[in-house]
Amino acid sequence: MIPVDFIHRLAAVAARETLPRFRQAGLIANKLAAGFDPVTEADRETEKAIRALIRTEFPDHGILGEEFGAEGAENRYVWVVDPIDGTRSFIAGIPLWGTLVGLTEEGDAVAGMMVQPFIGELFYATGHGAHYEGPHGRTRLATRATENLADATLCTTTPAIFEPAQRAAFDRLERQVRLSRYGTDCYAYCMLAAGQVDLVVEAGLQPYDIVALIPIIEQAGGVVTDWSGGPAENGGSIIAAGSAGLHSQALAFLASA
2 MIPVDFIHRL AAVAARETLP RFRQAGLIAN KLAAGFDPVT EADRETEKAI
52 RALIRTEFPD HGILGEEFGA EGAENRYVWV VDPIDGTRSF IAGIPLWGTL
102 VGLTEEGDAV AGMMVQPFIG ELFYATGHGA HYEGPHGRTR LATRATENLA
152 DATLCTTTPA IFEPAQRAAF DRLERQVRLS RYGTDCYAYC MLAAGQVDLV
202 VEAGLQPYDI VALIPIIEQA GGVVTDWSGG PAENGGSIIA AGSAGLHSQA
252 LAFLASA
């Protein structure tokens with residue numbers, strides 16, 4: 002599997018490219034003709050640097066990135082890169098963003114990392130459990146075994162991501178839980194792996210939004226699927242839970258959508 006040393010090198014590259022541009026005036030472009038889907042210089046330069054490192058170390062692997070598309074997507078191993086997940090938080094100066102780098106083998110997510118350089122936190126999984134490194138030291142990640150929706154904490158980036166039928170299903174689910182929080186992007190999934198929250202529900206995701214997070218969640222003891230209970234690697238509507246029982250309960254509220 003991927004050496005932890007390589008995860009550290011990826012994290013260092015992400016920090017080098019993102020931190021000098023965070024909370025600084027910089028070029029922001031809109032990728033949509035109608036609406037707002039921002040991209041920054043930090044997004045592009047971070048992905049370029051990560052791609053260069055992967056090509057040097059693993060020249061026979063493919064790469065799929067948010068900003069520069071796919072190369073070698075038919076290869077057995079494909080790296081999936083989101084240089085800044087949570088670009089809206091990034092441009093607002095809010096540190097709930099992160100760099101995501103995942104690895105698939107024949108389409109299955111097998112390793113991944115999320116680094117938040119401003120806070121100094123790294124979450125990763127390489128096949129030998131899920132781990133955290135940061136200001137509070139190093140620890141192995143483990144989800145918490147919450148079994149009842151009434152005891153659960155639920156996160157989503159914003160309810161605005163849901164289509165009307167999805168929003169109705171999400172609202173039904175939200176009414177069942179103890180606490181819900183918005184605006185978390187990739188950070189919510191890592192908090193689920195760390196045992197701080199119990200559910201993350203989102204929609205409209207691309208593979209680069211979720212592939213890196215799947216191994217972290219699963220190797221911490223959690224469950225992550227699409228809303229039909231199928232694999233999450235292709236993105237779409239996603240539900241992650243800290244326990245199988247909680248996942249099953251929450252999925253029942255979302256299945257109608």
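Numbering (this note's numbering), first residue to last: 2 to 258.
The beta carbon of each residue, even a glycine, is placed where N, CA and C say it ideally should be.
Open item on the list: What does the alpha-carbon distance come out to for the pair Ser229 and Met115?
Closed with: Position 228 of the sequence shown, counted from the start, is the residue given in the question as residue 229. Position 114 of the sequence shown, counted from the start, is the residue given in the question as residue 115. Each residue's alpha carbon lies about 26 Å from the other.
Task: Alpha-carbon spacing of Thr19 relative to Thr100, whole angstroms - done: One-based indexing of the sequence shown puts residue 19 at position 18. One-based indexing of the sequence shown puts residue 100 at position 99. Going from the Cα of Thr19 to the Cα of Thr100 covers about 9 Å.
Task: Endpoints, the beta strand (DSSP E) within which Ser238 is located - done: For the purposes of this step, residue 238 is taken as the residue at position 237 of the sequence shown. Here the beta strand (DSSP E) through Ser238 covers Gly237 to Ala242.
TODO: Over the uninterrupted alpha helix (DSSP H) stretch that includes Ile218, give me the two end residues.
DONE: Looking up residue 218 in the sequence shown gives position 217. Per DSSP, Ile218 belongs to the alpha helix (DSSP H) from Leu214 to Gln220.
Open item on the list: Tell me which residues share the same chain as Gln207 and place their Cβ nearer than 6 Å to its Cβ, disregarding the 5 neighbours each side in the sequence.
Closed with: Against the sequence shown, residue 207 aligns to sequence position 206. Answer for Gln207: Gly236, listed in chain order.
- [ ] Give the secondary structure of Arg179 by DSSP, where H, G and I count as helix, E and B as strand, and everything else as coil.
- [x] Counting from 1 along the sequence shown, the entry for residue 179 is found at position 178. In this structure, Arg179 counts as coil in the three-state DSSP scheme.
Open item on the list: Quick check: the Cα distance between Ala245 and Asn76, rounded to an integer number of angstroms?
Closed with: Position 244 of the sequence shown, counting from 1, holds the residue named residue 245. Position 75 of the sequence shown, counting from 1, holds the residue named residue 76. Spanning the two alpha carbons is a distance of roughly 32 Å.
Open item on the list: For Glu148 and Val178, what's the separation of their Cα atoms in angstroms?
Closed with: Residue 148 sits at position 147 when you count from the first residue of the sequence shown. Residue 178 sits at position 177 when you count from the first residue of the sequence shown. Between Glu148 and Val178, the C-alpha separation is close to 11 Å.
Open item on the list: Rounded to the nearest angstrom, what separates Ala15 and Ala253 at their Cα positions?
Closed with: In the sequence shown, residue 15 corresponds to position 14, counting from 1. In the sequence shown, residue 253 corresponds to position 252, counting from 1. So the two alpha carbons sit approximately 38 Å from each other.
- [ ] Let me know if Thr41 comes out buried or exposed under the rule of 16 or more other beta-carbons within 10 Å of its beta-carbon.
- [x] Position 40 of the sequence shown holds residue 41. Thr41 is buried by the Cβ-count criterion.
Task: Helix, strand or coil at Thr147 [DSSP, three-state] - done: In the sequence shown, counting from the first residue as 1, residue 147 sits at position 146. Coil.
Task: Distance between Leu123 and Ile239 (C-alpha atoms, nearest Å) - done: The residue labelled residue 239 in the question sits at position 238 within the sequence shown. The residue labelled residue 123 in the question sits at position 122 within the sequence shown. The alpha-carbon atoms of Ile239 and Leu123 are separated by roughly 23 Å.
Open item on the list: With three or more beta-carbon pairs closer than 8 Å as the criterion, would you say the region 67-85 touches the region 41-56?
Closed with: yes
- [ ] Drop a sphere of 10 angstroms on the beta-carbon of Pro216, count the other beta-carbons inside from all chains shown, and report buried for 16 or more, exposed for fewer.
- [x] Along the sequence shown, one-based indexing puts residue 216 at 215. Looking at its Cβ environment, which holds 16 or more other Cβ atoms inside 10 Å, Pro216 is buried.
Task: In chain order, each beta strand (DSSP E) run of at least 3 residues that lies wholly inside the region 40-90 - done: 63-66, 70-72 and 78-86
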